[in-house]
Amino acid sequence: MANNSLPLPGEIVVHDYRPQEKPIVNESLKVLQWNIERNYESEAIIKSIQDLDPDVILLQEVDIFCKRSGNRDHMQELCKSLELLGGFVCEFEELDSPIRKLRDAGGGVHGNAILSKHDIDFRVLEHRKDAYNWEIDGNKLKEPRKGKRYTLVGTVNASPLPPIVCYSVHLEVFTGIIGRINNFADIFEDAASIAEKYPHQIIGGDLNTMAHSIVRLSPKYACDRYRLMSLGDTESNWFDRHVMAVYRDPQHEYNLRLAAAGFPFSMAPIRVVRFIWRLLGSLKLFELVSGFDLETLKRARNPGFYDPWDPNEITLHNPDYFGLFKAKLDWTMVRCMHVGQKWIGNRDYSVSDHAYLMVKVKPDSQDKLDMVQHVWDFRRKQWQPNKSAPYWRSTIGVSILILVLTLVSQWILYITGPLL
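Those letters in the sequence shown? Residues 1 to 420, by the UniProt record's numbering.
Below is the structure:
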């Protein structure tokens with residue numbers, strides 16, 4: 001591919017460097033999830049993947065012809081070196097500009113990818129809302145861009161196994177919990193719409209669940225009310241408890257935990273929230289309080305995914321901020337498949353600023369498909385060791401926030417008292 005034929009945002013590029021002989025298919029597939037940080041360490045990335053030998057690879061931050069990563073077509077190099085079929089969706093045209101730092105130098109395109117030993121049918125999922133307007137505000141970050149966030153979807157056909165739908169997603173970092181959940185809810189909606197035909201699914205990605213700890217003090221990375229309203233919890237735990245834990249039950253049209261801002265109603269029975277909703281005859285109050293519109297509240301219900309990693313798992317430990325910030329940014333959410341083994345690596349962050357996650361999955365048989373919700377509930381409990389920990393953390397957070405609000409209100413009354 002020449003530089004003058006770079007894909008536009010939202011377009012897909014496909015390369016196929018697989019050998020003629022078909023790969024041997026066992027009863028399980030190894031699926032690797034990794035944010036490879038713009039291919040800065042391209043040779044080490046390829047070597048790591050070769051050693052892992054995954055069947056399916058979900059990648060974020062793939063560069064094509066960007067100056068910062070050597071002006072190389074890293075997507076083609078990955079497919080060629082690994083002898084795989086791969087699809088790349090362009091999210092951004094990285095504009096070449098003197099305001100960029102050398103490490104951020106543009107000139108090419110950037111996006112997400114899915115690679116596999118097996119046949120894949122690719123498509124692009126476009127999100128309903130933009131979490132950040134890069135074309136208008138990119139200059140403020142000294143990273144001028146054209147484009148927006150897209151999720152790449154690939155249906156992997158590894159016969160005799162059933163088709164497996166894979167999502168490679170990279171949620172926005174320069175927003176907050178509201179912007180990220182608005183976008184992620186679109187993936188749940190898409191997955192639910194095809195679940196009857198394609199029950200076996202996996203979502204892999206960098207969800208940038210990072211609005212906690214010292215990041216709460218940064219309006220650059222924590223841009224909404226949840227910098228305070230999730231106080232006492234990590235964003236990954238908050239996300240797990242208020243999105244992943246809410247099953248898409250046809251009897252309940254909306255995610256009421258999310259509608260109530262997850263705070264403080266997460267510690268009260270859902271029936272209390274439902275009672276207030278029926279009393280008012282509308283969810284408008286909850287839309288205003290939570291910041292989520294009705295469509296997001298409807299979409300952000302889990303159609304049966306579980307993550308086999310602890311919500312407290314660390315996949316990024318940023319040396320900035322005196323090394324105080326660490327978080328689970330990366331996820332492997334599995335639907336209607338059993339996770340037999342899992343691996344985490346690059347814990348020294350020498351190859352990328354993210355750890356990789358890999359899971360070995362086996363598609364469920366029909367008897368398990370016939371009781372999806374029961375199996376989902378069992379697997380969530382199996383893989384969630386922290387149990388009540390998020391609840392006491394939220395209790396602490398609620399208590400601190402109430403104390404702060406009480407002190408502020410008393411101070412205001414003290415100041416304005418003589419004027420009344």
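Beta carbons are placed, not taken as given, at the ideal position from N, Cα and C, and that holds for glycine.
Computed from a predicted structure; not experimentally measured.
Legend entry - Under 8 Å between C-beta atoms of Pro23 and Lys146: Taking the first residue of the sequence shown as 1, we reach residue 23 at position 23. Taking the first residue of the sequence shown as 1, we reach residue 146 at position 146. No. Outside cutoff.
Legend entry - Spatial neighbours of Asp353 in its chain, beta-carbon cut-off 8 Å, leaving aside the 5 residues before and after: The residue you call residue 353 lines up with position 353 of the sequence shown. If we look at Asp353 and ignore the five residues flanking it on each side, its Cβ neighbours are Asn35, Glu37, Leu316, Asn318.
Inset, instruction - In the DSSP assignment, find the alpha helix (DSSP H) that holds Asp137 and state where it starts and stops. - result: As a first step, residue 137 must be located in the sequence shown, where it is residue number 137. Residues 134-137.
Inset, instruction - Can you say whether His110 is buried or exposed, counting buried as having 16 or more other CB atoms within 10 angstroms of its CB? - result: Along the sequence shown, one-based indexing puts residue 110 at 110. Label assigned to His110: buried.
Legend entry - Beta-carbon proximity list for Gln201, same chain, < 6 Å, skipping 5 on both sides: Reading the sequence shown from its first residue, position 201 is the one you call residue 201. Excluding residues within five positions, the ones whose Cβ falls inside 6 Å are Val165, Ala191, Arg335.
Inset, instruction - Please go through the segment 212-264 and give each complete alpha helix (DSSP H) segment of 4 or more residues, from N-terminal end onward. - result: Inside the segment 212-264, DSSP marks whole alpha helix (DSSP H) runs of 4 or more residues at positions 226-229, 235-239, 256-259, from first to last along the chain.
Inset, instruction - Would you check if the distance between the CB atom of Val89 and the CB atom of Tyr150 is smaller than 8 Å? - result: Stepping through the sequence shown from its first residue, residue 89 is reached at position 89. Stepping through the sequence shown from its first residue, residue 150 is reached at position 150. Yes, they are a contact pair.
Inset, instruction - Within its chain, find whatever has a CB closer than 8 Å to the CB of Glu172; leave out the 5 residues flanking it on each side and keep chain order. - result: Here residue 172 refers to the residue found at position 172 of the sequence shown. Here the set comprises Ala131, Tyr132, Arg149, Gly179, Arg180, Asn183, Asn208.
Legend entry - Rounded straight-line distance, which links the Cα of Val375 to that of Asp367: On the sequence shown, position 367 is the one that residue 367 refers to. On the sequence shown, position 375 is the one that residue 375 refers to. Straight-line Cα distance between these residues: approximately 10 Å.
Inset, instruction - Under the assumption that Glu94 contacts Gly106 (Cβ atoms under 8 Å), give the Cβ distance between them as a whole number of angstroms. - result: Along the sequence shown, one-based indexing puts residue 94 at 94. Along the sequence shown, one-based indexing puts residue 106 at 106. Indeed they touch by this definition, with Cβ atoms about 3 Å apart.
Inset, instruction - Can you say whether Glu21 is buried or exposed, counting buried as having 16 or more other CB atoms within 10 angstroms of its CB? - result: Looking up residue 21 in the sequence shown gives position 21. Exposed is the call here.
Inset, instruction - For my contact list, Val359 and Pro303 are in at a C-beta cut-off of 8 Å; report their separation, rounded to the angstrom. - result: Indexing the sequence shown from 1 puts residue 359 at position 359. Indexing the sequence shown from 1 puts residue 303 at position 303. About 19 Å; that fails the 8 Å criterion.
Legend entry - Val234 versus Pro19: straight-line alpha-carbon distance, rounded: For the purposes of this step, residue 234 is taken as the residue at position 234 of the sequence shown. For the purposes of this step, residue 19 is taken as the residue at position 19 of the sequence shown. Residue 234 is actually Thr in this sequence, not Val. Each residue's Cα considered, the two are about 45 Å apart.
Inset, instruction - Take the Cβ of Arg241 as the centre, count every other Cβ of all protein chains shown within 10 Å, and call the residue buried at 16 or more, exposed below. - result: Stepping through the sequence shown from its first residue, residue 241 is reached at position 241. Arg241 should be labelled buried.
Inset, instruction - Would you list the one or two residues that DSSP bridges to residue 433? - result: Residue 433 lies beyond the stretch modelled for the chain, which goes from 1 to 420, so this question has no answer here.
Legend entry - Segments assigned beta strand (DSSP E), at least 3 residues, entirely inside the segment 61-148: 85-94, 109-116, 119-126, 145-147
Legend entry - Cut-off 6 Å between Cβ atoms - residues of its own chain near Leu152, not counting five sequence neighbours on either side: Along the sequence shown, read from residue 1 onward, the residue named residue 152 stands at position 152. So the list reads Val89, Asn112, Ile114, Ser168, once near-sequence residues are dropped.
Legend entry - Straight-line gap, Tyr349 to Lys30 (C-alpha atoms, nearest Å): Counted from its first residue, the sequence shown places residue 349 at position 349. Counted from its first residue, the sequence shown places residue 30 at position 30. Roughly 22 Å separates the two Cα atoms.
Legend entry - Nearest-angstrom Cβ-Cβ length linking Ser236 and Lys117, presumed shorter than 8 Å: Here residue 236 refers to the residue found at position 236 of the sequence shown. Here residue 117 refers to the residue found at position 117 of the sequence shown. In fact, because the Cβ distance is near 31 Å, the residues do not count as touching under 8 Å.
Legend entry - Among Ser48, Asn157, Ala195, the one whose alpha carbon lies nearest that of Leu357: Against the sequence shown, residue 357 aligns to sequence position 357. Nearest option by C-alpha distance: Ser48.
Inset, instruction - Report buried or exposed for Ser409, applying the criterion of at least 16 other Cβ atoms within 10 angstroms of its Cβ. - result: As a first step, residue 409 must be located in the sequence shown, where it is residue number 409. Its Cβ having fewer than 16 others within 10 Å, Ser409 is exposed.
Legend entry - Asp367 - DSSP class collapsed to helix/strand/coil: Position 367 of the sequence shown, counted from the start, is the residue given in the question as residue 367. Helix at Asp367.
Inset, instruction - Taking the CB atoms as reference points, tell me whether Asp186 and Gln60 lie closer together than 8 Å. - result: For this step, residue 186 is matched to residue 186 along the sequence shown. For this step, residue 60 is matched to residue 60 along the sequence shown. No; because the gap between Cβ atoms is not below 8 Å, this pair is not in contact.
Inset, instruction - Would you give the residue range spanned by the alpha helix (DSSP H) that Val289 belongs to? - result: Here residue 289 refers to the residue found at position 289 of the sequence shown. Segment 284-290, the alpha helix (DSSP H) holding Val289.
Inset, instruction - Check Gly340 in the structure and name its three-state DSSP category. - result: Taking the sequence shown and counting its residues from 1, the one referred to as residue 340 is at position 340. Three-state DSSP puts Gly340 in a strand.
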